[in-house]
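K.L.:
Protein chains: 2
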Amino acid sequence: MSFPLRNSNFIINTLLILITPLLFIISTSPTTTSSSPFPINVWPKPTTFRWPHPRRALLLSPAFSISSPNHRHLAAAATRYLRLIHTEHHRPLVPPPAALVNASAAPLQALSVHVSDLTAPLAHGADESYSLTVPAGGGAARLTARTVWGAMRGLETFSQLVWGDPSAVAVGVDIEDSPDYGHRGVMLDTSRNYYPVEDILRTIAAMSANKLNVFHWHITDSHSFPLVVPSEPELAAKGSYGSDMVYTPDDVKRIVEFGFDHGVRVVPEIDSPAHTGSWAEAYPDIVTCANKFWWPAGAKWEDRFASEPGTGQLNPLKPNTYKVLRNLINDVVRLFPEPFFHAGADEINPNCWKSDPTVHSFLSNGGTLSQLLEIFVNKTLPEVVSRNKTVVYWEDVLLSDVVKVDSKFLPKESVVLQTWNNGHNNTKRIVSSGYRVIVSSAEFYYLDCGHGDFLGNNSASDDQSGSTTGNGGSWCGPFKTWQVIYNYDIDYGLSEEEKRLVLGGEVALWSEQADGTVLDSRVWPRASAMAETLWSGNRDESGKKRYAEATDRLNEWRSRMVRRGVGAEPIQPLWCVRNTGMCNTVNVA
Amino acid sequence: MSFPLRNSNFIINTLLILITPLLFIISTSPTTTSSSPFPINVWPKPTTFRWPHPRRALLLSPAFSISSPNHRHLAAAATRYLRLIHTEHHRPLVPPPAALVNASAAPLQALSVHVSDLTAPLAHGADESYSLTVPAGGGAARLTARTVWGAMRGLETFSQLVWGDPSAVAVGVDIEDSPDYGHRGVMLDTSRNYYPVEDILRTIAAMSANKLNVFHWHITDSHSFPLVVPSEPELAAKGSYGSDMVYTPDDVKRIVEFGFDHGVRVVPEIDSPAHTGSWAEAYPDIVTCANKFWWPAGAKWEDRFASEPGTGQLNPLKPNTYKVLRNLINDVVRLFPEPFFHAGADEINPNCWKSDPTVHSFLSNGGTLSQLLEIFVNKTLPEVVSRNKTVVYWEDVLLSDVVKVDSKFLPKESVVLQTWNNGHNNTKRIVSSGYRVIVSSAEFYYLDCGHGDFLGNNSASDDQSGSTTGNGGSWCGPFKTWQVIYNYDIDYGLSEEEKRLVLGGEVALWSEQADGTVLDSRVWPRASAMAETLWSGNRDESGKKRYAEATDRLNEWRSRMVRRGVGAEPIQPLWCVRNTGMCNTVNVA
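The listed protein sequences derive, respectively, from chains D and P.
My numbering applies: residue 7 is where the first sequence begins, and numbers increase by one.
My numbering applies: residue 7 is where the second sequence begins, and numbers increase by one.
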């Protein structure tokens, strides 16, 4: 289990690592001893992490156990973590000093978990704070939390203090921890390409390991309708990619339950009225412009039928639209206990609606496109709100230049807006209007960007000049690196009052060019970067952005994720983490 | 095994598919019936593919067998393909018309393979042509080739004519096929991050399926030296990332043998004199500037010690340099029977050499940096050439602005240059100087580009303005899409005489931000795009670039690769291939 020393300067580096924090303690706060890239770390970095020098570790007893209060989901988590802790045997990329582990002392015997409120539901605002103490003298570690969800965060933290074979655990550790933002999510589009249930479960498990707590499931779109809805079975029967590419009610139940066991909310999105081409397979009468060619020859960009191939929008004037939607909402609400319901409402295309005769006559009689959307919202929003749900819409519903709803139809207590355009500007517009916001700026948080264009015959890619500038055909290119994501401040430029309306953020994977084969590497470790920024920020104690210090830790955390079966992509040569600081630059930092 | 029809226009599309080629036959050549996106295809597209209408298919007999001449590697290939053909059961993304398969006729019983020259070695210029006939009436298919390597190409083609469960096979098919270029490769860097042997084998197998024939193995570099060299064991013992991250002679033997069984040459690259920092762990005396910080604070870009973190260059003035190199070359030549030997010679850094006292006094006495390189080349090139090897160098050795060798020291009959800078310009410079060239232009063929910067503390990524332009911190960004790769004409702007010096091309995966977790998705299907362009070109019969038509076929081929265990990334929503042409644009094509 030992690595040969690759570089003669390794020992010097290690000594520096051991010395640096010591100096740091003297000069600053004693709560900040984890600012060095010591190989034993927790990701995301806890708000307070005390492991005083000399650092100590003990072996983990082969009989190590976890005791926890009687709660179905917490028990599932405790069982899972107990197995992980005993079997993971993570090898840090840089081996910790052998002297760290006192193998002759009594091993750590147990972790006891204490929760003061076992009834707090998994919902936005749930208290996720926890305290974890691993006594230097061994015996039993103690984890206390207000809620079972906070306890799960603490279990994850404990698991990251364990490494090696035989398993060792950091002791003399004292952690107080809680997140900066309550909403920390990953959005996955399962319509453009299908993802097997196992892919979704693996993603939720990895989210939980990163202390992310919202799986925003963009289930349906114009390309396929994979959700089997009991009262509207034709939607998936005709609109899915095939009977082997659907999510049955049992699948959903499994995913939701898995989410609870991992402290991850599963927020469903049924995108409408746009992005509904696939609904037309079952209900052609309620969808306008379905299966049209998206951008007819010679048409201007504003005259296309959709933002991308795959046309179709629900017709707000057809009574049957609401019959289908009512059934759908009813079933989705039943399938997803989560208090948030994402209703989409992005990218409504004027031309698609206008192409329909009923809409055409509505407009001829003085109606407007925005009135059409208001009709739609006024008929559907109450359906959802009456079931005690908060409705999340994409920002377009309020901010679109073309088709939008007056804010009087969007009650602030029931509506949350998710921003994706114009970076900080739209976040500001939303919160200054008094709405709560979830931040998913495409320029920072869209994980699909930078892999080019999926159009089948775009001649722009036939260019022999070999330019290395430009976005490579990707509307939201370049690729959003982990550094860009890590450094993004979602409350940049907001007043204190406005900041309180920022619920948190979500990285998003749209699936034009993604499916299960690339899921892990597209999401991880870039979602980890956001996870830390939204949990404990991206700055060190002096207020300086800590991306440099985060690099080594993220290398290490990525390696542990890979060991846990998540195919996260590497961010550096292994050489860099073995030679701390040598892959930095001093000339642009 | 049937897919529900997702769109009502599917049937119409299918009819169009069936009709279109028929019209095409009438208007143009009868050898071009595969220009429609019919779900049964071969990738790369054969030069001549006849499957006249009405297309027919038969079941494959459960007793289907392959007979082939007695040749170790061909026998291994035949055994492998026989198993694949019986067990793959590929499901085309768009199901072929059910009527295609005549299930009541006698199934296809056998494939007989005939080779006229069983002794032709696997080397550049080996004849890879083959003819394949699958008679419409069933019985036995016949594959003829000049060499066993051509026969392997034909076996692959046959395997792609088989689909479904029970297995069906296209019949009445007549194929004449041979490649446009003899050198069609993938370069993999196993130094910056390590790849397990299984990853390399999977890559070679996937290459063979794409009719690629050169695995260019960039084994060593400054970051690690993973190759265990019997006569210089310290190089890996001290220079590798660890004893579990090396390639032993047995590993190499296995990889080389696997290459022969797949018709894939394994060309080793021992990069020197630059990119040798890892050698210093065993031999600090022969490496200049090892383990220096790569770009000291305040230094100009031209005063850095290496192009990226990881410094070190062999010292051409130390006798021991050549003692080590002689041993190394001797062993590498024994380990790799391949006639090409890649000796690197890229990115020589003046400052790194200058920092050494012996070099300093050489320069003080009137010597030049280029003379230093000439000394190095003159001492090492003959070592390799005398062993009947052709030496491949990166273009820098001839074209560098800073340190280069006079062409008189680079005999054209023994030296091939590999270009990576300045797109077509450097290709032209090389061939117009009379050298043979392998094309790996970074602007088109570098698979690692576009994933940002790996430096640990680059403050450039802390930018709240959210620009969607620029290369995202990647020196060679944006990401090279499959379309960019497919459209690249490696002989662009060359005279007919110059074109004859273009051996072919290689896509390259440098591993700063890659390892086994992302290998498949970084390489595939983008390497497939190059594979077709170098095999049968990127134009249709009318001379028009065929990227539009290739899109559906590449979707299909990518899906078959995934079924074969290669995690190739998706290029479109499944909806696009199910709705042919609907994801095109008519406005920029």
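Using N, Cα and C, we set each Cβ at its ideal position, and we do this for glycine too.
Predicted model, so just to flag it, every value in this text is computed and none were measured.
With distances taken from CA atoms, which of P:P363, P:V445, P:L369 is nearest P:E401?
P.N.:
Locating residue 401 of chain P in the second sequence gives position 395, counting from the first residue. Nearest option by C-alpha distance: P:V445.
K.L.:
If we define contact as Cβ-Cβ less than 8 Å, is D:P576 a contact residue for chain P?
P.N.:
Counted from its first residue, the first sequence places residue 576 of chain D at position 570. Output row for D:P576: interface = yes.
K.L.:
Looking only at DSSP bridge pairs, what is P:D546 linked to?
P.N.:
Within the second sequence, numbered from 1, the residue matching residue 546 of chain P stands at position 540. Answer is none; P:D546 lacks a bridge partner.
K.L.:
Apart from the five residues just before and just after P:L387, which ones in its own chain have a Cβ nearer than 7 Å to its Cβ?
P.N.:
Numbered from 1 along the second sequence, position 381 holds the residue referred to as residue 387 of chain P. Only V397 meet the Cβ criterion.
K.L.:
What does the Cβ neighbour count give for P:W59, buried or exposed, with the cut at 16 atoms within 10 Å?
P.N.:
Here the question's residue 59 of chain P lines up with position 53 in the second sequence. The sequence given here has His at residue 59 of chain P, not Trp. Classification of P:H59: exposed, given that the 10 Å Cβ count is below 16.
K.L.:
Under 8 Å between C-beta atoms, does P:S67 make it to chain B?
P.N.:
No chain B appears in this structure, whose protein chains are D and P.
K.L.:
With a threshold of 8 Å between beta-carbons, can P:K551 be considered close to chain D, or not?
P.N.:
The sequence position of residue 551 of chain P within the second sequence is 545, counting from 1. True, the Cβ-Cβ gap to chain D drops below 8 Å.
K.L.:
CB D:D291 to CB D:N357, shorter than 8 Å?
P.N.:
As a first step, residue 291 of chain D is located in the first sequence; it is residue number 285 there, counting from the start. As a first step, residue 357 of chain D is located in the first sequence; it is residue number 351 there, counting from the start. Contact: no.
K.L.:
Helix or strand or just coil, what does DSSP make of P:R552?
P.N.:
In the second sequence, the residue the question calls residue 552 of chain P occupies position 546. Coil at P:R552, not helix or strand.
K.L.:
Along the chain, where does the beta strand (DSSP E) containing P:S361 start, and where does it finish?
P.N.:
Here residue 361 of chain P corresponds to residue number 355 of the second sequence, with the count starting at 1. It is not in any beta strand (DSSP E) - P:S361 carries neither H nor E in the DSSP assignment.
K.L.:
Whole angstroms is fine: what's the gap from P:V252's alpha carbon to D:T586's?
P.N.:
Position 246 of the second sequence, counted from the first residue, corresponds to residue 252 of chain P. Position 580 of the first sequence, counted from the first residue, corresponds to residue 586 of chain D. Taking the straight line joining both Cα atoms gives about 22 Å.
K.L.:
Within the same chain, show all residues whose beta-carbon is closer than 8 Å to that of P:T37, passing over the 5 residues directly before and after it, in chain order.
P.N.:
As a position in the second sequence, residue 37 of chain P is number 31, starting the count at 1. Confidence is the limiting factor: at P:T37 the pLDDT is only 32, short of 50, which leaves the residue's position unreliable, though a coordinate-based value still follows. Once the five neighbours on either side are set aside, the close Cβ partners of P:T37 are T54, F55, R56.
K.L.:
Between which two residues does the alpha helix (DSSP H) harbouring D:G245 extend?
P.N.:
Looking up residue 245 of chain D in the first sequence gives position 239. Residues 239-245.
K.L.:
Assuming P:M193 contacts P:A514 under a Cβ cut-off of 8 Å, what Cβ separation, rounded to an integer in Å, is found between them?
P.N.:
Position 187 of the second sequence, counting from 1, holds the residue named residue 193 of chain P. Position 508 of the second sequence, counting from 1, holds the residue named residue 514 of chain P. Their Cβ separation, rounded to whole angstroms, is 4 Å, which keeps P:M193 and P:A514 in contact under 8 Å.
K.L.:
When the Cα atoms are used, what is the spatial distance from D:I4 to P:F299?
P.N.:
Outside the shown range of chain D (7 to 595) lies residue 4 of chain D, about which nothing can therefore be said.
K.L.:
Going by Cα to Cα distance, which pick from D:C482, D:D362, D:W307, D:W426 is closest to D:P322?
P.N.:
On the first sequence, position 316 is the one that residue 322 of chain D refers to. It is D:D362.
K.L.:
Just to make sure I have the definition right: I need the residues of chain P whose C-beta is within less than 8 Å of the C-beta of D:A111. Which are they?
P.N.:
The count along the first sequence starts at 1 and reaches residue 111 of chain D at position 105. In chain order: nothing, as chain P lies at least about 29 Å away.
K.L.:
Name the chain P residues that come within less than 8 Å of D:F164, Cβ to Cβ?
P.N.:
Within the first sequence, numbered from 1, the residue matching residue 164 of chain D stands at position 158. By Cβ distance, chain P contributes nothing, its closest Cβ being about 26 Å from D:F164, past 8 Å.
K.L.:
In whole angstroms, what is the alpha-carbon distance linking D:H96 and D:N590?
P.N.:
Along the first sequence, one-based indexing puts residue 96 of chain D at 90. Along the first sequence, one-based indexing puts residue 590 of chain D at 584. Approximately 26 Å between the Cα atoms of the pair.
K.L.:
Go through the segment 485-555 of chain P residue by residue and report every complete run of the alpha helix (DSSP H) that reaches 4 residues or more, in order.
P.N.:
Entirely contained in the segment 485-555 of chain P, the alpha helix (DSSP H) runs reaching 4 residues are, in chain order, 488-493, 502-505, 525-529, 532-542.
K.L.:
Just checking, does the segment 221-237 of chain P make contact with the segment 264-277 of chain P on the three C-beta pairs under 8 Å criterion?
P.N.:
Touching, per the Cβ criterion.
K.L.:
Mind listing the chain P neighbours of D:D459? Cutoff is C-beta to C-beta under 8 Å, in chain order.
P.N.:
Locating residue 459 of chain D in the first sequence gives position 453, where the first residue counts as 1. By Cβ distance, chain P contributes T487, Q489.
K.L.:
For P:P579 and P:M588, what's the separation of their Cα atoms in angstroms?
P.N.:
Along the second sequence, one-based indexing puts residue 579 of chain P at 573. Along the second sequence, one-based indexing puts residue 588 of chain P at 582. So the two alpha carbons sit approximately 11 Å from each other.
K.L.:
In the DSSP assignment, the beta strand (DSSP E) including D:E389 goes from what residue to what residue?
P.N.:
Indexing the first sequence from 1 puts residue 389 of chain D at position 383. Element bounds for D:E389: not the beta strand (DSSP E) but the alpha helix (DSSP H), 375-391.
K.L.:
Taking Cβ positions, are D:T317 and D:N297 nearer each other than 8 Å?
P.N.:
In the first sequence, counting from the first residue as 1, residue 317 of chain D sits at position 311. In the first sequence, counting from the first residue as 1, residue 297 of chain D sits at position 291. Yes, these two residues count as a Cβ contact at 8 Å.
K.L.:
Which one of P:S173, P:S110, P:H77 has the shortest CA to CA distance from P:A69?
P.N.:
The sequence position of residue 69 of chain P within the second sequence is 63, counting from 1. If we check each option's Cα against that of P:A69, P:S173 comes out closest.
K.L.:
Answer yes or no: does any C-beta atom of chain D fall closer than 8 Å to that of P:M213?
P.N.:
Walking along the second sequence from the start, residue 213 of chain P turns up at place 207. No, no contact with chain D.
K.L.:
Considering only C-alpha positions, which residue in the set P:M567, P:E547, P:D558 is nearest to P:L533?
P.N.:
By 1-based counting over the second sequence, the position of residue 533 of chain P is 527. As written in the sequence, residue 533 of chain P is Ala, which differs from the Leu given in the question. Residue P:M567 is the option with its Cα nearest to P:A533.
K.L.:
How should D:A574 be labelled, buried or exposed, when 16 other C-beta atoms within 10 angstroms of its C-beta is the threshold for buried?
P.N.:
Against the first sequence, residue 574 of chain D aligns to sequence position 568. By the neighbour-count rule (16 or more Cβ atoms within 10 Å), D:A574 is buried.
K.L.:
Return the first residue and the last residue of the alpha helix (DSSP H) that D:T226 is part of.
P.N.:
Within the first sequence, the letter at position 220 stands for residue 226 of chain D. No alpha helix (DSSP H) holds D:T226; the beta strand (DSSP E) holding it covers 220-226.
K.L.:
Out of curiosity, what's the CA-to-CA distance linking D:G265 and D:K259?
P.N.:
For the purposes of this step, residue 265 of chain D is identified with residue 259 of the first sequence, where counting begins at 1. For the purposes of this step, residue 259 of chain D is identified with residue 253 of the first sequence, where counting begins at 1. Cα-Cα distance, rounded: 10 Å.
K.L.:
At which residues does the beta strand (DSSP E) containing P:A146 begin and terminate?
P.N.:
In the second sequence, the residue the question calls residue 146 of chain P occupies position 140. It spans 145-151 - the beta strand (DSSP E) in which P:A146 sits, taken as one unbroken run.
K.L.:
If you compare alpha carbons, which of D:V140, D:K217, D:P185 is closest to D:V179?
P.N.:
Translated into the one-based positions of the first sequence, residue 179 of chain D becomes position 173. Among D:V140, D:K217, D:P185, the Cα nearest to that of D:V179 belongs to D:V140.
K.L.:
When you compare each of D:S548, D:N355, D:K360, D:D468 to D:W307 by their alpha carbons, which one comes out closest?
P.N.:
Along the first sequence, read from residue 1 onward, the residue named residue 307 of chain D stands at position 301. Comparing Cα positions, the closest option is D:N355.
K.L.:
For P:I46 and P:K551, I'd like the C-alpha separation in whole angstroms.
P.N.:
Here the question's residue 46 of chain P lines up with position 40 in the second sequence. Here the question's residue 551 of chain P lines up with position 545 in the second sequence. Each residue's alpha carbon lies about 21 Å from the other.
K.L.:
Taking the alpha-carbon positions, what's the P:T523 to P:N432 distance?
P.N.:
Within the second sequence, residue 523 of chain P is the residue found at index 517, counting from 1. Within the second sequence, residue 432 of chain P is the residue found at index 426, counting from 1. Straight-line Cα distance between these residues: approximately 33 Å.
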